[in-house]
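This report refers to the structure that appears directly beneath it.
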Amino acid sequence: MDTTLSTTNSSRLQVSEFILVGLPGIHEWQHWLSLPLALLYILALIANILILITIQHEPSLHQPMYQLLGILAIVDIGLATTIMPKILAILWFDAKAISLHECFAQIYAIHTFMCMESGIFLCMAVDRYVAICYPLQYSSIVNEASVIKATLSMVLRNGLLTIPLPVLAAQRHYCSRNEIDHCLCSNLGVTSLACDDVTINRVYQLALAWVTLGSDMGLVFASYALIVRSVLRLNSAEATSKALSTCSSHLILIVFFYTAVIVLSVTHLAGRKVPFIPVLFNVLHNVMPPAFNPMVYALRTQELRVGFQRVLGLGENVSRK
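The sequence shown begins at 78 in our numbering and counts up by one.
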């Protein structure tokens, strides 16, 4: 009787913290990854802050397209900052412990920012669709008020729909294992340590992915399909080229983002044979878009390039040209 009671009490013990082990299979040399990851994070911060300053500083950039880009920059900063300080602390100072509350908060923040990024890309695609397919009605359909409404709807949608992820994770019972083979608190990585059934956690995450990322991706590519159809109807090759150039930056970022999502999903299938691959892809997917999104816009958008040069004190050289 005493043995049974002792076993029952032991099984009801709740762990007080999780241990983020890092990249599985390469623990001995994973610290070498800290330098490129730190550089990517610094690049993401500097580039996105520069985007925000430039859009605020240049009156010519106070347009819906660039306002959406500014919102994307804020989301990118939030996404990178949610994970990178803890990852660098693990790699540099071996600070692997993370409290349950911090871990669940990170789960919420990661999924919220990821869904927000997808939602902003959808808003950008709709913006380009209206600009190219309905140019005469553009200013009346897409304006500052519509950007605010679209942003608020994305915040509410993603902020509310992702709440069940950490709530469901917190309701699981973690009685023995507390080591996570990851650099961050992924929902599936955390709930896999639970001693009770986690079917509802996995089902909800799958449903969330389809409702947010899946629907956004479908609508984005539907918008660009309509854009291509409209552009192909133009008789002028110059008009066609100009129309496509206005949305090339958006399309590059969108293809990169959703391709990375698909690749990340596929690599999880190889997780058992080479476990560090999906973990590394997960980390890179949270820091590479924030670092490279501003660079794509800077290279592809003349107005933004000129704004960068003026903000950086090169305005005189720009005006002379």
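Quick reminder that beta carbons are idealized off the backbone N, C-alpha and C, glycines included.
Check	Outcome
Just to check my reading of the structure: F47 and T159 have Cβ atoms closer than 8 Å, yes? What is that Cβ distance to the nearest angstrom?	Outside the displayed span of the chain (78 to 398) sits residue 47, for which this structure offers no information.
In angstroms with no decimal places, state the Cα-to-Cα distance between N86 and C252.	Summary for N86: the model assigns pLDDT 45, below 50, so the residue's position carries little reliability, and this model does not support an answer.
Would A172 and Y118 qualify as a contact pair, given that the criterion is a beta-carbon distance under 8 Å?	no
Is there contact between the segment 177-194 and the segment 223-239, where contact requires at least three CB pairs shorter than 8 Å?	yes
Taking the alpha carbon of D258 as the reference point, which residue from G102, A227, L149 has its own alpha carbon closest?	G102
Does the contact criterion of 3 or more C-beta pairs under 8 Å hold for the segment 292-305 versus the segment 327-338?	yes
With the cut-off set at 8 Å, would you say L97 and I175 are in Cβ contact?	yes
For S253, which of helix, strand or coil comes out of DSSP?	coil
Is it buried or exposed for F385, if we count other Cβ within 10 angstroms and need 16 for buried?	buried
Can you confirm whether the segment 262-278 touches the segment 178-185 when touching is taken to mean that 3 or more C-beta pairs between the two stretches lie within less than 8 Å?	yes
Which residues in the same chain as E94 place their Cβ atom closer than 6 Å to its Cβ, once the five residues preceding and following it in sequence are excluded?	A174, S176
How far does the alpha helix (DSSP H) with E380 in it reach, from first residue to last?	379-388
May I ask which residues mark the beginning and end of the beta strand (DSSP E) holding E194?	No beta strand (DSSP E) holds E194; the alpha helix (DSSP H) holding it covers 177-210.
Around the Cβ of S400, are there at least 16 other Cβ atoms within 10 angstroms (buried) or fewer (exposed)?	The displayed coordinates of the chain run from 78 to 398. Any statement about residue 400 would go beyond what the structure contains.
Following the continuous alpha helix (DSSP H) through E221, name the residue where it begins and the one where it ends.	221-238
Check whether the Cβ atoms of V207 and V219 sit closer than 8 Å, and answer yes or no.	yes
Can you say whether T336 is buried or exposed, counting buried as having 16 or more other CB atoms within 10 angstroms of its CB?	exposed
So, with DSSP's three-state summary, where would you put I96?	strand
Give me, in chain order, the residues of the same chain whose beta-carbon lies closer than 8 Å to that of V152; leave out the 5 immediate sequence neighbours on both sides.	F190, M193, E194, I197
By the 10 Å Cβ neighbour count, where 16 or more other Cβ atoms means buried, how is M372 classified, buried or exposed?	exposed
How about L290 and V338: are their beta carbons less than 8 Å apart?	yes
Which residue wins for smallest C-alpha separation from T323, given the options R205, I132, I128?	R205
In the DSSP output, which residue or residues are listed as bridge partners for A174?	I96
Please classify N312 as buried or exposed, where buried requires at least 16 other C-beta atoms within 10 Å of its C-beta.	exposed
Looking only at C-alpha atoms, which of A202, P162, L245, W169 sits nearest to H399?	Residue 399 lies beyond the range of the chain shown here (78 to 398); nothing can be said about it.
With a floor of 4 residues, list each alpha helix (DSSP H) that falls wholly inside the segment 136-172, ordered by position along the chain.	141-170
Three or more beta-carbon pairs under 8 Å between the segment 359-376 and the segment 118-131, yes or no?	yes
Taking only runs of the alpha helix (DSSP H) that begin and end inside the segment 255-318, which ones reach a length of at least 4 residues, in chain order?	264-268, 276-286, 292-309
Find the nearest neighbour of L391 within the set Y143, T131, M161, L114, judged by alpha-carbon distance.	T131
Would DSSP call Q91 helix, strand or coil?	coil
If you follow the alpha helix (DSSP H) that H108 is part of, which residue opens it and which one closes it?	Here H108 belongs to no alpha helix (DSSP H), and DSSP marks it neither H nor E.
Exposed or buried, L376, counting other C-beta atoms within 10 Å across all chains shown (16 or more means buried)?	exposed
Please report the straight-line C-alpha distance between L112 and H250, rounded to a whole angstrom.	37 Å
Excluding sequence positions up to five away, which residues of its chain have a Cβ less than 8 Å from the Cβ of L321?	V308
Which residue comes first and which comes last in the alpha helix (DSSP H) that contains Q248?	241-248
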